[in-house]
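Colleague: Residues in the sequence shown are numbered from 860 upward in steps of one, following our numbering.
Cβ coordinates follow ideal geometry from the N, Cα and C atoms, glycine included.
Can you read through this structure? Questions will come right after.
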Amino acid sequence: MNNRVLLEVIALDAEDAIAAQAGGADRLELVTDMAADGLTPSRETYARVRAAVDVPLRVMLRLADGFTAGDVDALVRVAGELRSEGADEFVLGFLDADGHPDLVTLERVVAELDDCRWTFHRAIDHCADRDALRRRLADLPGLDTYLTAGSAAGVDTGLPVLAAESARQGETGYDSRLLVGGGLRLDHVPALLAVGVDAFHIGGAARAAGWASPVARGAVGAWRRTLDGETAMVAAV
């Protein structure tokens, strides 16, 4: 049985992707423009990254800052173009003006993905009702992961929510994997593993000087070693 904890790293280009894989990342989230918290990369960028690494690669579907969908026709078109390029895993998530899930947009975009696996990203941390959102999205095909810090303010604030949601795994709306990211630090790892979290997502923490620098193999390696070491300690107890 493979008990390896998942480590997902944000990549902006092929250089990032190569360093992340070499450091021990299990999966990449491919985005562009982190000044807008991550937007959809070009088809050309996707193709270069896909050719450079062989780990799973989830591609962001988001065309503007914020959590409203904007031009839905453009989103659907871009999703189709990326599928044509070979992309088979995605990251997306849209809210309406009241903070509820934008089901009309989500259903249109997900239909274009043709049953590909996808992550609902940190829009969940900004929604009006987390539990209601999970229940409303429970039947969307391909949804297998929620990326969340437990709070819009980050993991420091969200730890109690993350523990509570981890304890509900298997309930309706809670059968997708809990992927923790957003202000995540190495010192959060023991407490999160202890409550059953088995997937971690890092961006700036994978870089020597934050977003001004590329992914550093050594920084990713430090996370990999910590996750593996802490997992071994939990298993031994």
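1. If I'm right that Leu889 touches Val908 with Cβ under 8 angstroms, what's the distance once you round it to whole angstroms?
2. Among Glu1089, Arg1027, Ala1011, Ala911, whose alpha-carbon lies nearest the alpha-carbon of Gly925?
3. Candidates Leu1043, Gly1042, Leu962, Leu1002: which alpha carbon is nearest Thr1031's?
4. Ignoring anything shorter than 3 residues or poking outside the region 905 to 944, list the beta strand (DSSP E) runs there in chain order.
5. Return the first residue and the last residue of the beta strand (DSSP E) that Leu962 is part of.
6. Could you work out which residue in Cys986, Leu1052, Ala1075 is closest to Asn862 when comparing CA atoms only?
7. Is it buried or exposed for Pro1019, if we count other Cβ within 10 angstroms and need 16 for buried?
8. Just to check my reading of the structure: Val968 and Leu934 have Cβ atoms closer than 8 angstroms, yes? What is that Cβ distance to the nearest angstrom?
9. Whose C-beta lies closer than 7 angstroms to the C-beta of Val1056 among residues of the same chain, with five residues either side of it excluded?
10. Reducing DSSP to helix, strand and coil, say where His1047 ends up.
11. With H, G and I counted as helix, E and B as strand and the rest as coil, what does DSSP make of Gly1069?
12. Quick one: using the 10 Å Cβ neighbour count with 16 as the cut-off for buried, is Met860 buried or exposed?
13. Is the distance from the Cβ of Ile983 to the Cβ of Arg976 below 8 angstroms?
14. Out of Glu903, Thr899, Thr927, Val931, state which residue places its alpha-carbon closest to the alpha-carbon of Arg917.
15. Return the CA-CA distance between Ala1081 and Asp872, expressed in angstroms with no decimal places.
16. Which runs of the alpha helix (DSSP H) spanning at least 4 residues fall entirely within the region 980 to 1019, listed in chain order?
17. By alpha-carbon positions, which one of Leu887, Ala870, Gly1042, Tyr905 ends up nearest to Met893?
18. Determine, using beta carbons only, whether Ala1075 and Ala1065 come nearer to each other than 8 angstroms.
19. Quick one: what's got a C-beta closer than 7 angstroms to Tyr905's C-beta in the same chain, skipping five residues either side?
20. From Ala987, Arg902, Phe949, pick the residue whose C-alpha is nearest to that of Asp973; which is it?
21. Report the option in His985, Ala970, Ala884, Glu966 whose CA atom is closest to the CA atom of Ala956.
22. Kindly list the residues whose CB is nearer than 7 angstroms to the CB of Val931, restricted to its own chain and excluding five residues on each side of it in sequence; keep chain order.
23. Please classify Arg1076: does DSSP put it in a helix, a strand, or coil?
24. Going by the CB atoms, is the gap between Ala970 and Phe953 shorter than 8 angstroms?
25. For Ala870, which of helix, strand or coil comes out of DSSP?
Modeller: In terms of the structure at hand:
1. About 6 angstroms separates the two Cβ atoms, so the contact holds.
2. Distances from the CA of Gly925 to each of Glu1089, Arg1027, Ala1011, Ala911 were compared; the closest alpha carbon is that of Ala1011.
3. Nearest C-alpha to Thr1031: Leu1002.
4. Counting only runs of 3 or more, we get 916 to 919.
5. Per DSSP, Leu962 belongs to no beta strand (DSSP E); it is in the alpha helix (DSSP H), 962 to 972.
6. It is Leu1052 whose Cα lies nearest to the Cα of Asn862.
7. The residue in question, Pro1019, is exposed, as its Cβ has fewer than 16 Cβ neighbours within 10 Å.
8. Confirmed, Cβ separation roughly 6 angstroms.
9. So the list reads Leu1021, Ser1025, Leu1037, Val1039, once near-sequence residues are dropped.
10. The answer is helix: DSSP assigns His1047 an H, G or I state.
11. The three-state secondary structure of Gly1069, taken from DSSP, is strand.
12. Summary for Met860: the model assigns pLDDT 38, below 50, so the residue's position carries little reliability; its value from the coordinates is reported in the next sentence. Around the beta-carbon of Met860, fewer than 16 other beta-carbon atoms lie within 10 Å, marking it exposed.
13. In this structure, Ile983 lies away from Arg976, with their beta-carbon atoms at least 8 angstroms apart.
14. The candidate whose alpha carbon is nearest that of Arg917 is Thr899.
15. Rounded to whole angstroms, Ala1081 to Asp872 spans 21 angstroms at the Cα level.
16. The qualifying runs are 989 to 996.
17. With distances taken between Cα atoms, Met893 lies closest to Ala870.
18. Yes, Cβ-Cβ distance for Ala1075 and Ala1065 is below 8 angstroms.
19. Closer than 7 angstroms at the Cβ level, and outside the excluded window around Tyr905, lie Leu889, Val918, Leu941, Glu944, Ala946.
20. That would be Phe949, whose Cα lies nearest to the Cα of Asp973.
21. Nearest of His985, Ala970, Ala884, Glu966 to Ala956, Cα basis: His985.
22. Spatial neighbours of Val931 in its own chain (CB-CB distance under 7 angstroms, excluding positions within 5 residues in sequence) are listed in chain order as Thr964, Arg967.
23. Three-state result, Arg1076: helix.
24. For Phe953 and Ala970, no; Cβs fall outside 8 angstroms.
25. DSSP places Ala870 in strand when its eight states are reduced to three.
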